[in-house]
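Reading through the structure tokens given below for one structure.
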Amino acid sequence: MKTIPTEPIGSIPRPDALIDAITGKTGNENIGTLYEQAIDDTLSRLKATGSPVITDGEQTKSSFATYPLEGLTNLAPNGMTINFEDGHTRQLPLLTSGPFRYGNYAVKYLDAAKKKTNLPVKQAIISASALSLIYPPDGIPGYSQAEFIDDLLNECEKDIRQCLERGAYKVQMDFTEGRLSLKLDPSGGVLKHFIDLNNQVFDRFSTKEKQKLGVHVCPGGDHDSTHSADIDYADFLPQLFNLHVGSFYLQLASESDRVRVLKVIKQYLKPDQTAFVGVIDVLDPVIETKETVRDRVLEAAEYIPLSQLGTTDDCGFSPFCDDVSTKRDTAFAKIKARVEGTKLAEEKLFN
Ligand SMILES: [Zn+2]
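1 is the number of the first residue of the sequence shown in the working numbering; add one for each residue after it.
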């Protein structure tokens with residue numbers, strides 16, 4: 001029988017005991033055990049949702065964006081600040097000297113998860129464009145921006161290639177700054193620059209490998225707040241589909257006018273691309289019913305060819321390790337609704 005593929009984005013809220021250890025509320029002498037338990041529990045609970053593809057829930061990542069910087073000593077804490085609607089901020093570090101190398105690669109998380117499960121495991125990685133923001137605006141003596149970009153592209157390629165070589169089901173680049181870039185630069189110049197940069201990475205992969213690569217976009221999701229939901233999706237999506245990857249994981253459930261967005265996707269999605277539309281609003285504490293999910297899939301199917309349609313969650317459930325805004329149980333219940341609702345839609349669409 002034909003199916004509609006369904007995949008998570010990546011992160012799951014960490015268990016309370018782990019968050020307490022990370023944030024210093026309790027001692028962290030047994031953090032290794034807590035990490036192991038968190039991965040085990042996440043994999044088994046994701047499996048229990050019926051999800052055909054799973055992740056490690058990013059249980060041991062500092063955040064979706066900063067894991068490559070872990071352990072680096074050439075960083076200062078005063079980089080670009082991202083402002084969220086509710087007033088809270090997240091700040092990137094700044095590079096203080098070259099050469100730039102990742103301190104940590106995503107394959108570490110993939111390997112740890114694959115040891116513990118036989119299900120297909122997907123791995124999220126951060127975009128070259130996001131990390132490009134750590135180069136200081138005033139430059140670094142003896143290490144030009146061009147040299148930095150060369151190093152960055154090599155490192156990002158390596159991050160992806162290692163995951164493919166170790167059998168990742170998909171490698172998904174998180175491109176949350178895509179929509180945000182239109183807020184910082186409404187002319188679209190920065191967005192175009194970001195897309196060019198990421199394509200320079202993707203173009204190092206074969207056509208077949210590109211089908212295993214994807215990109216996730218959303219208006220941000222941290223402490224139940226967004227950073228760029230006020231930027232019109234219709235201005236962003238046409239550019240997005242210029243990225244040279246097979247899969248797009250698109251926030252959609254929380255959009256106020258989904259049909260309008262679906263029409264834009266229909267217009268710009270290319271024949272070799274699949275749109276995984278968000279059918280779960282990760283910022284809403286209310287758990288969707290499977291019927292709600294089914295109806296969202298059926299709605300999307302009116303605009304997107306079935307051979308190019310998949311489903312996902314609007315975003316990861318906890319992109320930063322210390323975010324406690326979404327309960328772990330809620331995340332798993334929502335994922336179960338996505339899987340079951342997608343199945344219900346399948347039965348309607350393929351019968
Ligand atoms: Zn997201």
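Cβ atoms here follow ideal geometry from the backbone N, Cα and C, with glycine treated the same way.
Beta-carbon contacts of residue i that lie in its chain and below 6 Å, excluding the five residues immediately before and after
i, result
"D224", "L283, S325"
"G50", "V339"
"A234", "V264"
"S86", "Looking at the sequence shown, residue 86 is not Ser but Asp. Once the five neighbours on either side are set aside, the close Cβ partners of D86 are S225."
"Y143", "G98"
"K356", "Past the edges of the chain, shown from 1 to 351, lies residue 356, and the structure says nothing about it."
"I231", "R179, L182, K183"
"S307", "none"
"T81", "T89, Q91"
"A65", "I126, A130"
"H216", "I9, Q172, D174, Y249"
Three-state secondary structure (DSSP) of residue i
i, result
"L250", "strand"
"D56", "coil"
"F317", "coil"
"A65", "coil"
"L237", "helix"
"S225", "strand"
"L243", "coil"
"A48", "helix"
"L72", "coil"
"I134", "helix"
"L95", "strand"
Close beta carbons around residue i, own chain, < 8 Å, minus the five adjacent residues each side
i, result
"S228", "R179, L180, L182, K183, P219, G220"
"I125", "A106, C156, D159, I160, C163, V171, Q172, M173, D174"
"D322", "I19, I22, T23"
"K122", "E7, P8, G10, V53, I54, T55, A168, Y169, K170, V171, Q172"
"E209", "L164"
"G214", "K170, V171, Q172, M173, V245, G246, S247, F248, Y249, F276"
"A337", "I280, I287, E288, T289, K290, T292, V293"
"K334", "I280, V282, I287, E288, D313, F317"
"D203", "H244"
"A112", "I39, D56, T60"
"K212", "L164, A168, Y169, K170, V171, G246"
Opening and closing residue of the alpha helix (DSSP H) in which residue i lies
i, result
"N367", "This structure leaves residue 367 out entirely; the chain is present only between 1 and 351."
"F148", "145-165"
"V264", "258-268"
"L361", "The first residue shown for the chain is 1 and the last is 351, placing residue 361 beyond what the model contains."
"A229", "Careful: A229 lies outside any alpha helix (DSSP H) and carries neither H nor E."
"F332", "328-349"
"T292", "290-301"
"A112", "107-114"
"G178", "177-184"
"T117", "Note, T117: premise wrong, no alpha helix (DSSP H); not H, not E."
"E209", "207-210"
Beta strand (DSSP E) segment containing residue i, residue limits
i, result
"D174", "171-174"
"T311", "309-313"
"V277", "274-280"
"A124", "123-126"
"T81", "81-83"
"T89", "89-91"
Close Cβ partners of residue i (< 7 Å) along its chain, the five nearest in sequence each way excluded
i, result
"A128", "L152, L153, C156, L197, N198, V201"
"Y303", "L262, K263, I265, K266"
"Y102", "P68, E155, D159"
"A253", "G278, V279, I280, D281, R296, D314"
"K2", "F350"
"F236", "G178, R179, L182"
"P136", "L94, L95"
"Q273", "F241, G246, F248, Q308"
"D222", "F84, R90, P319, F320, D323"
Any non-hydrogen atom of ligand 3 within 7 Å of residue i CB
i, result
"G316", "Annotation note on ligand 3: not contained in the displayed structure, which lists ligand 1 as its ligands."
Sufficient close CB pairs (3 or more, under 8 Å) joining the segment 5-23 to the segment 90-106: no
Runs of alpha helix (DSSP H) lying entirely within the segment 15-42, each at least 4 residues, in chain order: 16-22
For the segment 61-73 against the segment 102-118, are there 3 or more C-beta pairs whose distance is under 8 Å? yes
Please confirm if the segment 26-44 is in contact with the segment 69-84, defined as three or more CB-CB distances below 8 Å between the two stretches. no
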